[in-house]
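Trainee:
2 protein chains.
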Amino acid sequence: MSETVTIALDAMSGDLGAKTAVEAAIRATRKFTDLRIILVGDEAVLSPLLKSGQTDLIEIRHASEVVTMEDPLAQALRGKRDSSMRVAIDQVKSGAASACVSCGNTGALMAIARFVLKTIAGIDRPAIITAIPNIHGHVHMLDLGANVECSAEHLQQFAMMGSALSSVVDNIESPRVGLLNIGSEDIKGNELVKEAGKLLEASNLKYIGYVEGDEIYMGEVDVVVADGFVGNVSLKTSEGVAKLVKRYLREEFTRSPLSKVMGLVASPVLKRLAKRIDPDRYNGASLLGLRGIVIKSHGNAGVLALENALKIARLEAKKGLISRIESAIESQLTKPGDQ
Amino acid sequence: MSETVTIALDAMSGDLGAKTAVEAAIRATRKFTDLRIILVGDEAVLSPLLKSGQTDLIEIRHASEVVTMEDPLAQALRGKRDSSMRVAIDQVKSGAASACVSCGNTGALMAIARFVLKTIAGIDRPAIITAIPNIHGHVHMLDLGANVECSAEHLQQFAMMGSALSSVVDNIESPRVGLLNIGSEDIKGNELVKEAGKLLEASNLKYIGYVEGDEIYMGEVDVVVADGFVGNVSLKTSEGVAKLVKRYLREEFTRSPLSKVMGLVASPVLKRLAKRIDPDRYNGASLLGLRGIVIKSHGNAGVLALENALKIARLEAKKGLISRIESAIESQLTKPGDQ
Numbered sequence: 347m348s349e350t351v352t353i354a355l356d357a358m359s360g361d362l363g364a365k366t367a368v369e370a371a372i373r374a375t376r377k378f379t380d381l382r383i384i385l386v387g388d389e390a391v392l393s394p395l396l397k398s399g400q401t402d403l404i405e406i407r408h409a410s411e412v413v414t415m416e417d418p419l420a421q422a423l424r425g426k427r428d429s430s431m432r433v434a435i436d437q438v439k440s441g442a443a444s445a446c447v448s449c450g451n452t453g454a455l456m457a458i459a460r461f462v463l464k465t466i467a468g469i470d471r472p473a474i475i476t477a478i479p480n481i482h483g484h485v486h487m488l489d490l491g492a493n494v495e496c497s498a499e500h501l502q503q504f505a506m507m508g509s510a511l512s513s514v515v516d517n518i519e520s521p522r523v524g525l526l527n528i529g530s531e532d533i534k535g536n537e538l539v540k541e542a543g544k545l546l547e548a549s550n551l552k553y554i555g556y557v558e559g560d561e562i563y564m565g566e567v568d569v570v571v572a573d574g575f576v577g578n579v580s581l582k583t584s585e586g587v588a589k590l591v592k593r594y595l596r597e598e599f600t601r602s603p604l605s606k607v608m609g610l611v612a613s614p615v616l617k618r619l620a621k622r623i624d625p626d627r628y629n630g631a632s633l634l635g636l637r638g639i640v641i642k643s644h645g646n647a648g649v650l651a652l653e654n655a656l657k658i659a660r661l662e663a664k665k666g667l668i669s670r671i672e673s674a675i676e677s678q679l680t681k682p683g684d685q
Numbered sequence: 347m348s349e350t351v352t353i354a355l356d357a358m359s360g361d362l363g364a365k366t367a368v369e370a371a372i373r374a375t376r377k378f379t380d381l382r383i384i385l386v387g388d389e390a391v392l393s394p395l396l397k398s399g400q401t402d403l404i405e406i407r408h409a410s411e412v413v414t415m416e417d418p419l420a421q422a423l424r425g426k427r428d429s430s431m432r433v434a435i436d437q438v439k440s441g442a443a444s445a446c447v448s449c450g451n452t453g454a455l456m457a458i459a460r461f462v463l464k465t466i467a468g469i470d471r472p473a474i475i476t477a478i479p480n481i482h483g484h485v486h487m488l489d490l491g492a493n494v495e496c497s498a499e500h501l502q503q504f505a506m507m508g509s510a511l512s513s514v515v516d517n518i519e520s521p522r523v524g525l526l527n528i529g530s531e532d533i534k535g536n537e538l539v540k541e542a543g544k545l546l547e548a549s550n551l552k553y554i555g556y557v558e559g560d561e562i563y564m565g566e567v568d569v570v571v572a573d574g575f576v577g578n579v580s581l582k583t584s585e586g587v588a589k590l591v592k593r594y595l596r597e598e599f600t601r602s603p604l605s606k607v608m609g610l611v612a613s614p615v616l617k618r619l620a621k622r623i624d625p626d627r628y629n630g631a632s633l634l635g636l637r638g639i640v641i642k643s644h645g646n647a648g649v650l651a652l653e654n655a656l657k658i659a660r661l662e663a664k665k666g667l668i669s670r671i672e673s674a675i676e677s678q679l680t681k682p683g684d685q
């Protein structure tokens with residue numbers, strides 16, 4: 347029998363409420379028999395949503411407050427010490443859970459997680475990473491917005507963390523790491539990227555050099571590293587293009603009665619396409635660099651999307667992501683040739 | 347009778363060669379009766395491609411050299427003074443043409459254009475701008491890679507130039523200008539963008555504030571301003587997503603004999619969709635901030651794409667883009683409240 351994995355799920359934050367969280371928890375525990383969930387939130391709200399048979403796998407941990415999207419950081423961090431977000435992270439700190447998942451405000455989640463869990467030795471700043479669909483399946487990109495001003499050393503740390511995560515989640519021995527830049531030649535790019543490129547060349551990562559924006563989707567790379575400003579712009583730009591194409595498809599297939607018929611005929615294929623570019627399938631961004639696994643789910647994540655975030659949390663916990671990052675950093679610091 | 351517009355077309359640079367350039371010139375002069383073209387390049391190559399009836403509207407200006415994609419900047423700028431690229435720009439400088447178009451190396455084109463034409467007073471650095479399809483039709487974005495390290499003042503200048511271009515090309519009195527950022531709240535973003543935001547708020551442009559990556563495609567904005575690094579990553583990312591969706595569509599519609607039939611049935615709609623996201627329709631990026639109109643066309647631009655670049659060059663020339671930018675900058679420097 348395999349060891350169980352317990353995940354603390356902040357059931358109150360996000361737009362869709364406790365019902366979605368409870369449903370996702372039920373579905374995930376059905377799918378993964380080794381999974382246990384601690385639902386964190388208002389017991390009076392959560393209790394009625396669970397049936398008696400489900401309480402073996404899913405327990406409730408009461409928290410009296412909720413961090414809203416509008417709460418300033420200071421309020422989230424110091425004003426609401428009994429928030430579902432804070433208590434979910436506390437479960438990871440205490441060891442009651444080996445990962446936590448929240449649909450709440452990213453800034454608050456990062457601030458509380460950093461305050462409660464602290465960063466891994468050798469990591470100055472945590473970063474946000476997610477999988478993005480690409481021509482080969484998917485690619486991981488970081489940082490997605492936690493750090494808007496970065497040094498070359500920060501980018502190097504992001505590369506080490508991203509490589510460790512891809513290794514664990516994608517089951518790749520040495521993930522290929524690329525630096526997001528505006529040209530593939532050495533002469534191009536800004537000073538930050540050039541300097542980071544030199545650090546990565548001297549590292550023991552499988553650094554493949556610069557990648558341009560289109561290579562996130564078409565290139566031979568497992569991890570794409572950027573500062574949080576550039577990474578966020580790139581991710582949001584992608585979302586914009588995907589929304590535009592979706593809109594165009596709808597417009598074209600409803601333009602005339604004949605187009606509508608064509609759309610009906612082609613609908614099985616169009617549905618498969620929509621599924622492939624559905625962001626829900628990739629829901630669940632990891633806050634990397636903390637001494638614990640913290641997954642940020644979209645604020646408007648539905649049941650399936652939230653279930654996917656739980657799946658990522660489970661995998662990272664089972665594969666021991668944190669110790670993998672710790673040893674990656676240690677081996678980098680003591681790598682041969684550095685003496 | 348309307349005044350004629352003469353455009354110098356570098357017929358030798360780019361991947362597709364002189365034949366494509368000549369065809370595009372012929373098509374464009376048929377479409378726009380006020381258009382005259384100076385084809386710049388090897389006379390021995392170009393002459394046989396023109397029929398006798400066409401030489402009234404299209405003349406050849408001999409140039410003995412070609413700037414290649416591999417030429418270092420110094421070679422392009424100082425080593426090949428009789429290149430088709432240089433001679434095409436010279437036509438603008440001398441007044442023989444009111445705009446030029448080239449499919450050659452962007453870096454070389456910018457360097458030569460800057461050397462020959464110089465920048466407009468009040469503009470420190472030229473920038474690259476192009477139209478991008480969006481939910482409302484299109485949006486203009488700059489800088490797309492000419493300037494990887496920018497100050498807030500540079501972004502402000504980009505905003506002024508982009509606004510003037512959109513006003514001319516889109517026929518909008520006061521185009522809405524947005525700054526590309528990673529959040530819509532004032533607290534977000536890096537220092538550069540925050541500082542530029544303050545400058546734009548104090549300007550006489552119609553500044554609408556920050557826009558995120560997805561709002562390039564979905565938002566209410568006419569001009570999006572970014573530094574060249576971020577702008578280039580965003581544009582290339584978009585190209586990558588578009589290529590990915592195209593690939594997915596092809597895969598899904600060829601997955602089985604039945605999917606293929608559905609694809610055949612839906613093909614008129616799919617073709618319309620492909621046309622809407624076809625980058626050729628938006629081919630032709632303007633090098634802004636120079637004392638002359640210079641349009642960079644894709645290196646692998648086909649006849650229709652190159653024709654579109656000529657159309658943009660014609661419109662900018664007819665509407666007097668350069669003097670519009672000059673007066674925009676002048677009015678900014680003397681705007682009420684500054685005394």
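Here the protein sequences come in this chain order: A and B. Quick note on my numbering: the first sequence kicks off at 347 and runs consecutively. Quick note on my numbering: the second sequence kicks off at 347 and runs consecutively. Here a beta-carbon is modelled for each residue, glycine too, at the ideal position from N, C-alpha and C. What you are looking at is a predicted structure, and each value in this text was computed from that prediction instead of being measured.
#1: State the Cα-Cα distance for the pair residue 482 of chain B and residue 582 of chain B, rounded to the nearest angstrom.
#2: Using DSSP with H/G/I as helix, E/B as strand and the rest coil, what is residue 625 of chain A?
#3: Excluding the 5 residues flanking residue 510 of chain A on each side, which residues of the same chain have their C-beta closer than 6 Å to its C-beta?
#4: Drop a sphere of 10 angstroms on the beta-carbon of residue 401 of chain B, count the other beta-carbons inside from all chains shown, and report buried for 16 or more, exposed for fewer.
#5: Using a Cβ cut-off of 9 Å, pull out every chain B residue sitting near residue 612 of chain A, in sequence order please.
#6: Listing by chain order, which chain A residues have their CB less than 7 Å from the CB of residue 582 of chain B?
#7: Who are residue 578 of chain B's beta bridge partners in DSSP?
#8: Between residue 532 of chain B and the rest of its own chain, which residues show a CB-CB distance below 6 Å, the 5 nearest in sequence each way excluded?
#9: Please report whether the beta-carbon of residue 593 of chain B lies at a distance below 9 Å from any beta-carbon of chain A.
#10: Using C-beta distances below 7 Å, list every residue in its chain close to residue 512 of chain B, excluding the 5 sequence neighbours before and after it, in chain order.
#11: Can you say whether residue 466 of chain B is buried or exposed, counting buried as having 16 or more other CB atoms within 10 angstroms of its CB?
#12: Relative to the C-alpha of residue 554 of chain A, which candidate in A:399, A:659, A:438, A:523 has its C-alpha closest?
#13: Taking the alpha carbon of residue 469 of chain A as the point to measure from, which residue in A:623, A:459, A:507, A:463 has its own alpha carbon closest?
#14: If distances are taken between C-alpha atoms only, which option among B:432, B:515, B:423, B:393 comes closest to residue 665 of chain B?
#15: Which residues of chain B have a Cβ atom closer than 8 Å to the Cβ of residue 528 of chain A, listed in chain order?
#16: Is residue 475 of chain B close to chain A, meaning its C-beta is less than 9 Å from at least one C-beta of that chain?
#17: Is residue 555 of chain B helix, strand or coil by DSSP?
#18: Counting contacts by CB-CB distance shorter than 9 Å, is residue 480 of chain B in contact with chain A?
#19: Mind checking if residue 534 of chain A is an interface residue toward chain B, Cβ cutoff 9 Å exclusive?
#20: Is residue 379 of chain A buried or exposed, if buried means 16 or more other CB atoms sit within 10 Å of its CB?
#21: Please name the residue, chosen from A:497, A:420, A:476, A:490, that lies closest to residue 654 of chain A on a Cα-to-Cα basis.
#22: Does the structure place the segment 599-606 of chain A close enough to the segment 624-639 of chain A that three or more beta carbon pairs sit under 8 Å?
#23: I want to see whether chain A comes within less than 9 Å of residue 587 of chain B, judged by CB atoms only; does it?
#24: Sorry if obvious, but does the Cβ on residue 441 of chain B come closer than 8 Å to a heavy atom of the ligand ADP?
#25: Assuming residue 638 of chain A and residue 439 of chain A make a contact with CB atoms under 8 Å, what is their CB distance in whole Å?
#26: On the DSSP letters alone, give me the boundaries of the beta strand (DSSP E) that residue 356 of chain A sits inside.
#27: Rounded to a whole number of angstroms, what is the C-alpha to C-alpha distance between residue 360 of chain B and residue 558 of chain A?
#28: Please confirm if the segment 537-553 of chain A is in contact with the segment 357-371 of chain B, defined as three or more CB-CB distances below 8 Å between the two stretches.
#29: Does the segment 643-653 of chain A come close enough to the segment 366-380 of chain A that 3 or more CB-CB pairs lie under 8 Å?
#30: Output needed for residue 480 of chain A: all residues of its chain with C-beta closer than 8 Å, excluding positions within five of it in sequence on either side, in chain order.
#31: Which bits of chain A does residue 622 of chain B rub up against, with CB to CB less than 7 Å?
#32: Please look up how many angstroms separate the CB atoms of residue 642 of chain A and residue 448 of chain A, rounded, as I've assumed it's under 8 Å.
#33: Once DSSP output is grouped into helix, strand and coil, what is the label at residue 600 of chain A?
#34: Leaving out the 5 sequence neighbours to the left and right, which residues in its chain are closer than 7 Å to residue 450 of chain A when beta-carbon positions are compared?
#35: Taking residue 381 of chain A as the reference, which of A:445, A:484, A:676 has the closest Cα?
#36: Where does residue 407 of chain A fall in DSSP's three states?
Mentor: The answer reads as follows:
#1: 21 Å
#2: helix
#3: 670, 671, 674
#4: exposed
#5: 599, 605, 608, 609, 611, 612, 615, 616
#6: 558, 559, 560
#7: Answer by DSSP bridge pairing: none, since residue 578 of chain B is not bridged.
#8: Model confidence at residue 532 of chain B stands at a pLDDT of 46, short of 50, so the residue's coordinates are unreliable; what they give is reported in the following sentence. Same-chain partners within the cutoff: there are none.
#9: yes
#10: 486, 518, 521, 568, 569
#11: buried
#12: A:523
#13: A:507
#14: B:515
#15: 491, 494, 574, 575, 578, 579, 582
#16: no
#17: strand
#18: yes
#19: yes
#20: exposed
#21: A:476
#22: no
#23: yes
#24: Absence of the ligand ADP is noted for the structure shown, with no ligands found whatsoever.
#25: 7 Å
#26: 351-356
#27: 21 Å
#28: no
#29: yes
#30: 562, 563, 564, 565
#31: 594
#32: 6 Å
#33: coil
#34: 356, 359, 360, 413, 431
#35: A:445
#36: strand
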